[in-house]
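Below: one structure, written as structure tokens.
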Amino acid sequence: MKLKAEFIQSELGNWVARNTAVIPVSSDIFEVATTEIDSYGDTIYCFVKQVDNLYQISDEGRMLFKLDPGASDQELYETAEAIAIGAGFDYDEKHCEISVTTDQDNLAQAIVKLSQLQLAISYLG
48 MKLKAEFIQS ELGNWVARNT AVIPVSSDIF EVATTEIDSY GDTIYCFVKQ
98 VDNLYQISDE GRMLFKLDPG ASDQELYETA EAIAIGAGFD YDEKHCEISV
148 TTDQDNLAQA IVKLSQLQLA ISYLG
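Under our numbering, the first residue of the sequence shown is numbered 48, with each subsequent residue one higher.
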């Protein structure tokens, strides 16, 4: 059997599907256990909430809380905010939450990109 690009792409998609868990948190919020592992060796989670016809994907402020539970490192928060905004995400300063709102067509991409952003930010701590 000759190796083909279609086979590789199919196997990648199958692996991601098998290694990603989607857990209902409430009637309108889902927790996504992604394939990404942060600098602490923990699974990275994203939370998806439907808002009208759009979807808000967020970390619920968990990444920065994990890095600095006492919120004492102002430079860490400012750096994380700059990185998040520079990557096209929203940053809620009050809750230290990183999020993005998107349509259904870009939902999976937004989840993957937020998990990658959380991975990068986890190395700031």
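All residues carry an ideal CB built from backbone N, CA and C; glycine is no exception.
Give me the Cα-Cα distance between residue i and residue j, rounded to the nearest whole angstrom.
i	j	result
I70	Y170	26 Å
D85	Q163	9 Å
D99	G60	29 Å
S146	L50	39 Å
C93	L111	13 Å
V159	E83	9 Å
H142	N66	29 Å
E107	A52	37 Å
I91	Q165	7 Å
A134	Q121	20 Å
Assign residue i to buried or exposed, taking buried as 16 or more other Cβ atoms, counted over all protein chains shown, within 10 Å of its Cβ.
i	result
T81	buried
F54	exposed
E144	buried
V63	exposed
Going by DSSP, what residues sit across from residue i in a beta bridge?
i	result
Q103	K96, T148
E78	I70, F94
Y138	I145
T84	Just to set this straight, residue 84 is Ile in the shown sequence, not Thr. T90, per the DSSP bridge assignment.
Looking only at its chain, what residues have a beta carbon closer than 8 Å to the beta carbon of residue i, apart from the 5 residues adjacent to it on each side?
i	result
E128	Y138, E140
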